[in-house]
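Its first residue numbered 79, the sequence shown is counted upward by one per residue in the working numbering. No residue lacks a Cβ here, since even glycine has one placed at the ideal position from N, Cα and C. One structure is given here, and the rest of the page talks about it.
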Amino acid sequence: MKTKIPKILLIDDEPEFLAASHKMLQRFKYECIATEDADLGLRMLTDMDFDLVISDFLMPSMDGVQLLKAVHKLKPNLPVIIITAYGSIDRAVACMQAGAFDFIEKPFESDHFKIVIDKANSYTQLLNERDHLLEQLESRYQFENIIGKSDAMLRIFDMVASVAESDANILITGESGTGKELIARSIHTRSKRKTNPFVPVNCGAFPDNLFESEIFGYEKGAFTGANQRKIGLLEYANSGSFFLDEICELPIGIQSKLLRVLQDRELRRLGGHDLVHVDVRIISATNRNLQEFVAKGHLREDLYYRLNVINIHLPPLRERQEDIRLLASHFLNQGLEKTGKKNIEDFSADVLQIFDTYHWPGNVRELENVVERAIALTKSRFIEVSDLPIHLQKPVSDEPRFDEVTLQQAKRQAM
Numbered sequence: 079m080k081t082k083i084p085k086i087l088l089i090d091d092e093p094e095f096l097a098a099s100h101k102m103l104q105r106f107k108y109e110c111i112a113t114e115d116a117d118l119g120l121r122m123l124t125d126m127d128f129d130l131v132i133s134d135f136l137m138p139s140m141d142g143v144q145l146l147k148a149v150h151k152l153k154p155n156l157p158v159i160i161i162t163a164y165g166s167i168d169r170a171v172a173c174m175q176a177g178a179f180d181f182i183e184k185p186f187e188s189d190h191f192k193i194v195i196d197k198a199n200s201y202t203q204l205l206n207e208r209d210h211l212l213e214q215l216e217s218r219y220q221f222e223n224i225i226g227k228s229d230a231m232l233r234i235f236d237m238v239a240s241v242a243e244s245d246a247n248i249l250i251t252g253e254s255g256t257g258k259e260l261i262a263r264s265i266h267t268r269s270k271r272k273t274n275p276f277v278p279v280n281c282g283a284f285p286d287n288l289f290e291s292e293i294f295g296y297e298k299g300a301f302t303g304a305n306q307r308k309i310g311l312l313e314y315a316n317s318g319s320f321f322l323d324e325i326c327e328l329p330i331g332i333q334s335k336l337l338r339v340l341q342d343r344e345l346r347r348l349g350g351h352d353l354v355h356v357d358v359r360i361i362s363a364t365n366r367n368l369q370e371f372v373a374k375g376h377l378r379e380d381l382y383y384r385l386n387v388i389n390i391h392l393p394p395l396r397e398r399q400e401d402i403r404l405l406a407s408h409f410l411n412q413g414l415e416k417t418g419k420k421n422i423e424d425f426s427a428d429v430l431q432i433f434d435t436y437h438w439p440g441n442v443r444e445l446e447n448v449v450e451r452a453i454a455l456t457k458s459r460f461i462e463v464s465d466l467p468i469h470l471q472k473p474v475s476d477e478p479r480f481d482e483v484t485l486q487q488a489k490r491q492a493m
């Protein structure tokens, strides 16, 4: 992540310490505005943009907790670091519970000071990136319920928009978890059939002996237990779209009957004599190589060509690098709305790095599950590596450790 030079508001009623801290921050190459007056500092926040507030705890007009509440009322996500020479466990706990980013006791080492500021800056950058991603999600990178800004996905969005109005049959290919049914639904939603049913069927979900009766329906008396006529799913989809997922699992005995529907727009219910007219658009999907199934005799060649009038291939997530963080932010936002959790702000930098480098064999579905799991498990403001499944966890560089035992105790109590 590119480091941004933060703009800091420094507040302390001790002139000597204020001057020394201001000089230290300038030496660190930070932009800094300093004031001895907490009320003036709060007025500055209303007129100027800052990335960080550093303030003394005890000041004439207010204490650190009061300042924190006032700052967060004006700028809810603005990190605040509290500094005091009168440190105690209770005071540190109060500040952390009030939302302080960190709490430092005087005197402190300049290196320690810089590390805490850099952490706060990273926090601000993560929030800014999250907000930017959410803005993208609300604009050009959301197509129906499909998220993507990669060139490959933008081409698919264009293709879906182009083919939706036609009645040509469509074959959607791609690995499991890439969003094939979402694309099928998007095509239906944008078509002239959108006010009629979209009927999805998983070809591997029915035993062969039930598949025909479910898809084509049956007449009363067609078999034992057929006490009345049943309309099949193809008839139910009349004037709409019929989505056949895992088309490679279509029983060989059913393929000729489906071919007749594609060619003549007619079907015959099981046990029936009359032909029934059906007007459906067939959208099918597979994660397999259908040409191999044709070569092995598992799929009729004429049916394959009828289904594959237009092919839309969805790339795996590992080939959509630009979409990973966008999708993760979408699933995080979606999960927080669903669960009502308000304490989670974003992913840590280490988690985002893992997301960027992991190969995602389960594709978008796996990413969604990982984020959903992390939301349920995390107890922090940021989703951390420890919240991820074991196979995703990687060693990360050790954070600097300090000797301020009382401060660390205070933070643990605050958590």
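Problem set entry | C-beta contact flag for Leu130 and Ile195 at 8 Å | Contact: yes.
Exercise. Are Leu466 and Phe409 closer than 8 Å when you measure CB to CB?
Worked result: no
Exercise. Excluding the five sequence neighbours on either side, which residues of its own chain have a C-beta within less than 6 Å of the C-beta of Arg443, listed in chain order?
Worked result: Gly255
Problem set entry | Closest by C-alpha distance to Ser188, when choosing among Met237, Phe135 and Gln104 | For the residues Met237, Phe135 and Gln104, the minimum Cα distance to Ser188 belongs to Gln104.
Exercise. Looking at the structure shown, is Phe321 part of a helix, part of a strand, or coil, going by DSSP?
Worked result: Secondary structure at Phe321: strand, using DSSP grouped into helix, strand and coil.
Problem set entry | Rounded C-alpha distance that separates Phe284 from Glu324 | 12 Å
Exercise. Leaving out the 5 sequence neighbours to the left and right, which residues in its chain are closer than 7 Å to Leu430 when beta-carbon positions are compared?
Worked result: Arg403
Exercise. Sorted by chain position, which residues of the same chain lie with C-beta nearer than 8 Å to Glu379's C-beta, five sequence neighbours on each side aside?
Worked result: Val372
Exercise. The alpha helix (DSSP H) with Asn287 in it runs from where to where?
Worked result: Asp286 to Phe294
Problem set entry | Exposed unless 16 or more other CB atoms sit within 10 angstroms - verdict on Tyr383 | Within a 10 Å sphere around the beta-carbon of Tyr383 sit fewer than 16 other beta-carbons, which makes this residue exposed.
Problem set entry | Buried or exposed (CB count within 10 angstroms, at least 16 for buried), Thr364 | buried
Problem set entry | Segment limits, beta strand (DSSP E) that includes Ser362 | Arg359 to Thr364
Exercise. What is the DSSP secondary structure of Glu477, reduced to helix, strand or coil?
Worked result: At Glu477, the pLDDT of 41 sits below 50, so the modelled position is not reliable and the matter cannot be decided from this model.
For this session: Starting from His391, follow the beta strand (DSSP E) in both directions and report where the run begins and ends.
Result: Ile388 to His391
Exercise. Just how far apart, CA to CA, sit Val158 and Trp438?
Worked result: 37 Å
Problem set entry | Cα-Cα separation between Gly226 and Val241, rounded to whole angstroms | 19 Å
For this session: Specify the secondary structure class of His355 as computed by DSSP and reduced to three states.
Result: strand
Exercise. Which of helix, strand or coil does DSSP assign to Ile89?
Worked result: strand
Exercise. Quick check: the stretch 298-318 against the stretch 346-359, are there 3 or more CB pairs under 8 Å?
Worked result: yes
Problem set entry | Whole-angstrom distance between Ser99 and Asn441, CA atom to CA atom | Cα to Cα, the separation comes out at about 49 Å.
For this session: Output the boundary residues of the alpha helix (DSSP H) element that contains Glu259.
Result: Lys258 to Thr267
Exercise. In chain order, what residues of the same chain have a beta carbon less than 8 Å from the beta carbon of His355, not counting five sequence neighbours either side?
Worked result: Excluding sequence neighbours, His355 sits near Arg343 and Glu344.
Problem set entry | Option in Ser264, Asn247, Ala246 and Asp245 with minimal Cα separation from Ile234 | Ser264
Exercise. Span of the alpha helix (DSSP H) holding Ala454?
Worked result: Asn441 to Leu455
Exercise. Should Tyr219 be labelled buried (16 or more other beta-carbon atoms within 10 Å of its own) or exposed?
Worked result: No answer about Tyr219 holds up, because its pLDDT of 43 lies below 50 and its placement is not dependable.
Exercise. If you drop the 5 nearest sequence neighbours on each side, which residues of the same chain put their C-beta closer than 6 Å to that of Phe321?
Worked result: Ala262, Pro278 and Ile361
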